[in-house]
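Using my numbering, the first residue of the sequence shown is number 139, and each one after it goes up by one. Note that the Cβ used here is the ideal one computed from N, Cα and C, for glycine as well. Here the structure is laid out as structure tokens; the discussion comes afterwards.
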Amino acid sequence: MSSTLRHDGLMSDRQTRSWAGTTLADRRAERRQRFLDVGLDLLGTQGSAAVTVRSVCRLAALTDRYFYENFADREALLLAVYDQVADEAGRVLVETVGALGSSDYEAVSRAAVDAFLGLLTDDPRKGRVLLLEPLTDATLGIRGVALSPAFAEIIQGQLGSAVTPVDAQLTATALVGALANLFIRWLDGTLAIDRGTLADYCTRLLVASRALVEAGALSEKPAGGR
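Right, dumping it as structure tokens:
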């Protein structure tokens, strides 16, 4: 036990020791981010097949020793890049909804749609990583399915207290699938419409879905409100 403590202490000291103004932990974090930046560029412009250990190391100007210091294999890098974009998307939605509150569902819905579309189009690489690459890469496809409930929870939280928990969950889950398919078909060019038209429709879809489930909740109440 004492040797472990001495080893941990030594590693901690090495990690915090400064060299040329940076610590070992800082340099490791910087190298990891370089790999992620290259991974985003390759995945978001050429697709997952272009992401290999060799190509990533070459473009990052780092050796494979440093790659394996950060990632077990190329699939681990793919997932890290995907998670980084998905985390950003979730954060953008939560911050947008939180800034407006929930008093005007239509306004919140439009702001959330605009914010999400902005993420997809301001940097087209992110739209490809988040929605298009999971269609052809099994590793990313599995991760996308696993993360979809998190986005459903954001929608579910905005549906209103008049909606029963089951109705809210079902509706939010359905909306995530519908919206994702709309965004995918818009990004791949199948839906030849402008961004404003897409945003308008998605907003109406969200508003109509809330009205639908609220109407269903009211119809289930016993006569006389008891």
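Between the region 316 to 325 and the region 231 to 241, the count of C-beta pairs closer than 8 Å stays below three; the two stretches do not touch. If you draw a straight line from the Cα of G185 to the Cα of E271, it comes to about 7 Å. Within the same chain, V314 come within 7 Å of S286 by CB-CB distance, once the 5 residues on both sides are set aside.
For A163 and F173, the gap between their C-alpha atoms comes out near 15 Å.
For E168, the uninterrupted alpha helix (DSSP H) run begins and ends at 162 to 183, by DSSP. Here the alpha carbons of R169 and Y204 stand approximately 7 Å from one another. Taking 9 Å as the cut-off, the Cβ atoms of V219 and L257 do not count as close. A318 is the residue among A318, Y206, I280, R192 whose C-alpha sits nearest the C-alpha of F254.
I331 and L297 have their alpha carbons spaced roughly 28 Å apart. For A218, the enclosing alpha helix (DSSP H) starts and ends at 212 to 238. The criterion of a C-beta distance shorter than 9 Å is not satisfied by I292 and G334.
Rounded to whole angstroms, the gap between the alpha carbons of R263 and T160 is 31 Å.
Secondary structure at V283: helix, using DSSP grouped into helix, strand and coil. Annotated three-state conformation of D305 is helix, per DSSP. Apart from sequence neighbours up to five positions away, the residues of its chain that approach G279 with a beta-carbon distance below 6 Å are P272, ordered along the chain.
The DSSP-derived three-state label of F321 is helix. Of the other Cβ atoms in all chains shown, fewer than 16 fall within 10 Å of the Cβ of D202; this residue is therefore exposed. Listed in chain order, the non-local C-beta contacts of V232 below 8 Å within the same chain comprise I292, local neighbours out to five positions each way being set aside. In the displayed model, S193 falls within a helix according to three-state DSSP. Per DSSP, the continuous alpha helix (DSSP H) segment holding D202 begins and ends at 202 to 208.
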